[in-house]
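Right, one structure below, let's go through it.
2 protein chains.
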Amino acid sequence: MLKFVSLLLALSCCQGLQHNNIDDYVEAEPVFQASKYGSLWPLPQKVQISEVSFKLTSASFRIVDAKASSAGPSCSLLQSAYRRYYEYMFGSAKKQWGSKNNRRSDPSDLTELQVWITSPDSECDGYPSVTSDESYELTVNQPVAVLKAPKVWGALHGLETFSQLVFEDEYGAKSINATIINDFPRFQHRGILLDSSRHFLPIKVILSNLETMAMNKINVFHWHIVDEQSFPYLSRTFPQLSEQGAYHPYTHVYTPADVKMVIEFARLRGIRVVPEFDTPGHTQSWGKGQKDLLTPCYSGSKPSGSFGPVNPILNTTYDFMAKFFTEISTVFPDGYIHLGGDEVDFTCWKSNPDIQKFMEQQHFGEDYSKLESFYIQKLLDIVASTKKGYLVWQEVFDNGVKLKADTLIHVWKGNQEQYHNEMASVTASGYQTLLSTPWYLNRISYGQDWQGFYKADPQDFKGTDEQKKLVIGGEACLWGEYVDATNLTPRLWPRASAVAERLWSAKNVTDIDDAFNRLSLHRCRMVERGIPAEPLFSSYCPREYKGV
Amino acid sequence: MLKFVSLLLALSCCQGLQHNNIDDYVEAEPVFQASKYGSLWPLPQKVQISEVSFKLTSASFRIVDAKASSAGPSCSLLQSAYRRYYEYMFGSAKKQWGSKNNRRSDPSDLTELQVWITSPDSECDGYPSVTSDESYELTVNQPVAVLKAPKVWGALHGLETFSQLVFEDEYGAKSINATIINDFPRFQHRGILLDSSRHFLPIKVILSNLETMAMNKINVFHWHIVDEQSFPYLSRTFPQLSEQGAYHPYTHVYTPADVKMVIEFARLRGIRVVPEFDTPGHTQSWGKGQKDLLTPCYSGSKPSGSFGPVNPILNTTYDFMAKFFTEISTVFPDGYIHLGGDEVDFTCWKSNPDIQKFMEQQHFGEDYSKLESFYIQKLLDIVASTKKGYLVWQEVFDNGVKLKADTLIHVWKGNQEQYHNEMASVTASGYQTLLSTPWYLNRISYGQDWQGFYKADPQDFKGTDEQKKLVIGGEACLWGEYVDATNLTPRLWPRASAVAERLWSAKNVTDIDDAFNRLSLHRCRMVERGIPAEPLFSSYCPREYKGV
Numbered sequence: 001m002l003k004f005v006s007l008l009l010a011l012s013c014c015q016g017l018q019h020n021n022i023d024d025y026v027e028a029e030p031v032f033q034a035s036k037y038g039s040l041w042p043l044p045q046k047v048q049i050s051e052v053s054f055k056l057t058s059a060s061f062r063i064v065d066a067k068a069s070s071a072g073p074s075c076s077l078l079q080s081a082y083r084r085y086y087e088y089m090f091g092s093a094k095k096q097w098g099s100k101n102n103r104r105s106d107p108s109d110l111t112e113l114q115v116w117i118t119s120p121d122s123e124c125d126g127y128p129s130v131t132s133d134e135s136y137e138l139t140v141n142q143p144v145a146v147l148k149a150p151k152v153w154g155a156l157h158g159l160e161t162f163s164q165l166v167f168e169d170e171y172g173a174k175s176i177n178a179t180i181i182n183d184f185p186r187f188q189h190r191g192i193l194l195d196s197s198r199h200f201l202p203i204k205v206i207l208s209n210l211e212t213m214a215m216n217k218i219n220v221f222h223w224h225i226v227d228e229q230s231f232p233y234l235s236r237t238f239p240q241l242s243e244q245g246a247y248h249p250y251t252h253v254y255t256p257a258d259v260k261m262v263i264e265f266a267r268l269r270g271i272r273v274v275p276e277f278d279t280p281g282h283t284q285s286w287g288k289g290q291k292d293l294l295t296p297c298y299s300g301s302k303p304s305g306s307f308g309p310v311n312p313i314l315n316t317t318y319d320f321m322a323k324f325f326t327e328i329s330t331v332f333p334d335g336y337i338h339l340g341g342d343e344v345d346f347t348c349w350k351s352n353p354d355i356q357k358f359m360e361q362q363h364f365g366e367d368y369s370k371l372e373s374f375y376i377q378k379l380l381d382i383v384a385s386t387k388k389g390y391l392v393w394q395e396v397f398d399n400g401v402k403l404k405a406d407t408l409i410h411v412w413k414g415n416q417e418q419y420h421n422e423m424a425s426v427t428a429s430g431y432q433t434l435l436s437t438p439w440y441l442n443r444i445s446y447g448q449d450w451q452g453f454y455k456a457d458p459q460d461f462k463g464t465d466e467q468k469k470l471v472i473g474g475e476a477c478l479w480g481e482y483v484d485a486t487n488l489t490p491r492l493w494p495r496a497s498a499v500a501e502r503l504w505s506a507k508n509v510t511d512i513d514d515a516f517n518r519l520s521l522h523r524c525r526m527v528e529r530g531i532p533a534e535p536l537f538s539s540y541c542p543r544e545y546k547g548v
Numbered sequence: 001m002l003k004f005v006s007l008l009l010a011l012s013c014c015q016g017l018q019h020n021n022i023d024d025y026v027e028a029e030p031v032f033q034a035s036k037y038g039s040l041w042p043l044p045q046k047v048q049i050s051e052v053s054f055k056l057t058s059a060s061f062r063i064v065d066a067k068a069s070s071a072g073p074s075c076s077l078l079q080s081a082y083r084r085y086y087e088y089m090f091g092s093a094k095k096q097w098g099s100k101n102n103r104r105s106d107p108s109d110l111t112e113l114q115v116w117i118t119s120p121d122s123e124c125d126g127y128p129s130v131t132s133d134e135s136y137e138l139t140v141n142q143p144v145a146v147l148k149a150p151k152v153w154g155a156l157h158g159l160e161t162f163s164q165l166v167f168e169d170e171y172g173a174k175s176i177n178a179t180i181i182n183d184f185p186r187f188q189h190r191g192i193l194l195d196s197s198r199h200f201l202p203i204k205v206i207l208s209n210l211e212t213m214a215m216n217k218i219n220v221f222h223w224h225i226v227d228e229q230s231f232p233y234l235s236r237t238f239p240q241l242s243e244q245g246a247y248h249p250y251t252h253v254y255t256p257a258d259v260k261m262v263i264e265f266a267r268l269r270g271i272r273v274v275p276e277f278d279t280p281g282h283t284q285s286w287g288k289g290q291k292d293l294l295t296p297c298y299s300g301s302k303p304s305g306s307f308g309p310v311n312p313i314l315n316t317t318y319d320f321m322a323k324f325f326t327e328i329s330t331v332f333p334d335g336y337i338h339l340g341g342d343e344v345d346f347t348c349w350k351s352n353p354d355i356q357k358f359m360e361q362q363h364f365g366e367d368y369s370k371l372e373s374f375y376i377q378k379l380l381d382i383v384a385s386t387k388k389g390y391l392v393w394q395e396v397f398d399n400g401v402k403l404k405a406d407t408l409i410h411v412w413k414g415n416q417e418q419y420h421n422e423m424a425s426v427t428a429s430g431y432q433t434l435l436s437t438p439w440y441l442n443r444i445s446y447g448q449d450w451q452g453f454y455k456a457d458p459q460d461f462k463g464t465d466e467q468k469k470l471v472i473g474g475e476a477c478l479w480g481e482y483v484d485a486t487n488l489t490p491r492l493w494p495r496a497s498a499v500a501e502r503l504w505s506a507k508n509v510t511d512i513d514d515a516f517n518r519l520s521l522h523r524c525r526m527v528e529r530g531i532p533a534e535p536l537f538s539s540y541c542p543r544e545y546k547g548v
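Sequences listed follow chains A and B, in order. Okay, so the first sequence: first residue is 1 according to UniProt numbering, each after it adds one. Okay, so the second sequence: first residue is 1 according to UniProt numbering, each after it adds one.
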């Protein structure tokens with residue numbers, strides 16, 4: 001029988017009462033029961049767990065490269081992952097054991113996990129991409145456990161899975177059951193959007209959330225780095241953008257070194273960093289440091305002093321964008337840039353006589369979405385010349401902008417019926433798509449809202465198999481109006497974990513009770529690893545969060 | 001002109017756009033403007049701030065006892081408050097200054113705050129109570145500032161206010177304007193309920209929230225210490241209660257030493273600790289360690305194995321309660337104990353043949369609220385014999401239990417109309433009352449919900465002046481189903497600050513824009529003091545939260 005003594009939650013009892021809850025909110029209390037899958041999250045594609053168990057000691061257990069592995073000691077990505085997971089598995093317990101010389105070899109011990117990269121190119125020094133092979137096979141048995149993966153990306157996921165299999169028996173001894181796992185993601189793009197414009201997010205916060213993304217097999221950090229409110233990205237080409245546009249030019253900016261650190265920290269965890277520089281709307285903060293970039297709004301016949309979206313009728317705008325995105329394309333190694341393109345307000349454009357004249361010349365009539373398309377098409381050409389692919393918010397598609405065939409359309413609007421229709425329409429046009437609508441984690445409500453996130457499925461729209469294949473995944477979005485370093489992490493986790501399982505595990509993994517049981521344990525594991533992941537419901541963790 | 005450079009927030013701009021917000025939630029963006037009251041929170045009753053300002057240096061500034069003060073160096077409550085507020089005002093800056101010998105005396109400096117306890121009995125070594133005098137007068141002028149208060153409780157509030165007046169000018173120099181403040185609370189009972197049963201709250205979390213309560217002039221910590229889910233209170237008389245009823249008997253309990261520490265930490269900040277031991281419902285965790293305390297439920301003619309509320313028909317129940325509350329009355333020095341009494345489910349009582357028989361003997365008919373009253377009246381007699389006053393949830397009043405005239409009725413149910421009616425009805429019967437209905441902070445919703453908390457007024461019901469006077473205050477409640485150490489603090493602050501101002505400041509302090517401006521600065525001050533108070537809206541703090 002599986003034993004998860006250490007993480008076993010005494011989820012509360014009995015009578016469905018909730019003290020002082022207003023009646024229409026009373027829900028039955030979920031009762032915790034150990035899942036046959038223990039604390040695995042997200043659930044692997046194929047899992048066989050035997051009742052035979054082995055012990056692991058911190059003195060004897062080692063994670064090593066398999067002899068035949070194409071990644072050896074020089075692969076620092078794996079070597080540092082070994083250290084990280086050793087620490088997670090043995091943590092503070094390791095001191096109770098003696099020195100290396102004490103390596104014991106009790107026959108019932110599991111003493112080694114061999115990591116075997118099977119493809120000739122391990123991709124150890126590369127960057128993950130949307131086509132990366134993330135699969136792995138894990139066999140836990142005596143005398144050694146073996147983790148096979150074509151690429152390092154799968155090995156990273158396998159290490160996380162291995163660490164999730166380790167539990168403490170009733171004596172506190174680290175144990176693991178004989179297990180066979182064959183695993184790969186259902187979707188290739190499993191992202192989280194963080195917004196560092198509405199509130200600046202200290203690097204420390206970003207890194208610890210990247211760490212947590214890895215625990216959930218999330219592989220894309222969508223960095224919504226700038227917006228109306230502030231421009232914290234320090235551009236080498238246009239330093240005045242953050243000098244003028246950041247909340248503070250020194251304390252509230254991301255320097256080139258910061259950005260590099262984020263990208264490398266993410267790479268070491270198999271996570272892509274996809275930056276978003278949203279234009280032509282959402283650009284107030286850009287205008288502070290870049291004269292003439294934004295459209296001057298008019299009040300009657302005179303400039304009002306306020307500014308609207310990027311000015312699409314000036315050549316200087318495109319000169320600026322060409323230089324700016326050339327820099328971005330070198331600073332961010334990922335194959336994709338998110339170009340935004342959402343929520344363009346036409347009021348200011350309409351007020352400006354020069355724009356009106358341009359509209360006439362171009363025969364756009366009164367259709368300002370044509371002007372928007374004019375801008376976006378020129379921008380896409382600029383970005384395409386940097387050899388990057390691009391993502392755009394759905395409006396760009398909705399407004400009929402001519403797009404390259406490999407453009408990714410990011411769906412975020414509407415209710416369920418509307419986003420289903422949008423997914424159907426985007427994929428019917430042959431575009432790849434990405435869903436976020438049901439996963440706006442900034443929207444909070446009382447109770448277990450993770451269940452709603454968990455139930456949404458990005459392929460639940462009417463369409464052919466061909467269309468369904470164009471869905472490459474989804475992203476949980478945590479917009480920044482109401483979150484900063486003080487509350488971001490507990491608001492994101494474990495709510496984003498629900499999305500992580502939906503995007504990784506098989507489509508038929510939908511048992512909400514089993515999910516509750518595994519996720520309860522998974523959240524306590526995150527807490528034990530120092531992440532303030534909030535509780536699902538009345539319960540306790542054996543080791544509570546140590547922070548304030 | 002007042003300068004709040006250091007805390008000035010660049011609250012965001014312009015166009016009322018909110019990226020990717022679903023339409024029906026779009027709100028105009030609040031624009032930050034410095035209030036003429038700076039960052040004062042809660043707003044004092046009378047404030048006059050002059051344009052003359054003085055500088056303070058960490059090397060020269062001192063907080064001292066006034067010569068005529070009735071509290072001297074032996075009053076460790078005040079001495080430790082001086083240190084605390086010196087630290088808050090000068091914090092990390094203090095190291096840039098030289099040693100004591102460098103005490104400068106620039107004529108424009110403010111070098112001293114004299115604290116003058118005017119009443120012969122300072123109450124330095126006592127406990128705060130519902131009748132404590134919390135008033136103070138603060139005069140900031142040269143050569144010294146003077147804080148006068150009848151008792152230490154007012155002095156503590158005055159120190160907080162003084163620290164809120166200190167700001168950094170554009171050179172980072174600590175400054176304060178000449179000011180006259182005359183202040184006292186509108187309501188005597190300004191509480192926060194924390195629930196350590198649904199989730200265990202580590203002592204560290206409780207202490208740092210007590211610290212934050214003091215920053216908000218909250219004077220009651222309502223400790224909902226036990227409930228259905230767990231019994232973390234380690235009773236000296238009945239240690240088996242936590243031995244069996246806590247989530248864990250060692251790691252998830254409050255020892256007598258812990259409780260003592262909480263009470264003293266609170267006392268030093270002018271905060272009462274009012275414990276709640278809720279019966280006869282909400283007692284599942286009690287039953288684990290105390291045989292026969294709970295009512296055995298029946299399924300047909302046989303016990304079902306599950307248990308209901310406290311068994312009201314056994315003498316042993318009252319023997320237990322007498323011993324238990326005798327202990328509680330000595331462990332907790334406050335004059336009041338909260339006895340709960342809410343949400344008693346009659347299903348189990350109805351199923352039990354012994355209870356049915358008792359109902360007949362007592363001629364209660366089918367009215368189980370009479371049985372509830374029978375129990376509560378016996379309990380009240382027990383607690384009254386310990387010389388404590390008591391608070392009860394409104395059901396006890398609603399069910400017509402005979403109460404002592406000085407019982408406090410705690411209103412928590414219903415919508416606005418219903419709680420207005422309840423307040424009217426309770427006060428018409430001559431009872432003192434306390435409001436919580438509009439301040440259930442566990443209920444979260446998207447956006448600036450603090451505004452709703454701010455607008456609720458406990459005296460806005462139909463009644464005579466006499467009735468209004470019976471309203472002694474209110475409490476913000478943070479029930480624990482969805483909060484623990486990971487997310488409690490940012491969920492509580494600054495939302496509870498809105499309640500704090502409502503309960504302290506004059507009834508006509510209702511300007512929501514001014515409140516937004518002051519509260520934005522107040523929340524950054526809490527962040528600067530190490531408290532992860534969440535943001536009100538897009539903004540930044542000069543010194544962001546340093547934690548994860």
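All C-beta atoms, glycine included, are put in the ideal place defined by N, C-alpha and C. This structure is a prediction, so every number in the text was calculated from the model and none was measured.
8 Å Cβ cutoff, residue i in contact with chain A
i	result
residue 96(B)	Note that residue 96(B) scores 48 on pLDDT, short of 50, meaning its location in the model is unreliable; the coordinates nonetheless yield the value given after this. No, residue 96(B) does not count as interfacial toward chain A.
residue 231(B)	no
residue 84(B)	no
residue 535(B)	yes
residue 443(B)	yes
residue 417(B)	no
Identity of the residue in the options nearest residue i by Cα
i	options	result
residue 457(B)	473(B), 448(B), 444(B), 464(B)	473(B)
residue 380(B)	418(B), 141(B), 444(B), 336(B)	336(B)
residue 240(B)	399(B), 460(B), 324(B)	324(B)
residue 463(A)	432(A), 233(A), 428(A)	428(A)
Whole-angstrom C-beta distance between residue j and residue i, which should lie under 8 Å
i	j	result
residue 341(A)	residue 393(A)	5 Å
Residues bridged to residue i [DSSP beta-bridge criterion]
i	result
residue 479(B)	DSSP, once it has assigned bridges, lists no residue as partnering residue 479(B).
residue 275(B)	223(B)
residue 195(B)	224(B)
residue 137(B)	148(B), 182(B)
residue 336(A)	389(A)
residue 190(A)	474(A)
is_contact[residue i, chain B] using C-beta, thresh 8 Å
i	result
residue 350(A)	no
residue 12(A)	Model confidence at residue 12(A) stands at a pLDDT of 35, short of 50, so the residue's coordinates are unreliable; what they give is reported in the following sentence. Chain B, which has a Cβ nearer than 8 Å to the Cβ of residue 12(A), makes this yes.
Interface residues of chain C facing residue i [CB-CB closer than 7 Å]
i	result
residue 202(B)	Going by chain labels, chain C is absent from the structure shown, which instead holds the protein chains A and B.
- Item | the segment 160-169 of chain A touching the segment 480-493 of chain A, judged by at least three CB pairs closer than 8 Å | no
- Is the segment 128-146 of chain B close to the segment 180-195 of chain B, with three or more CB pairs under 8 Å? yes
- So does the segment 509-524 of chain A actually touch the segment 214-230 of chain B, counting three or more Cβ pairs closer than 8 Å? no
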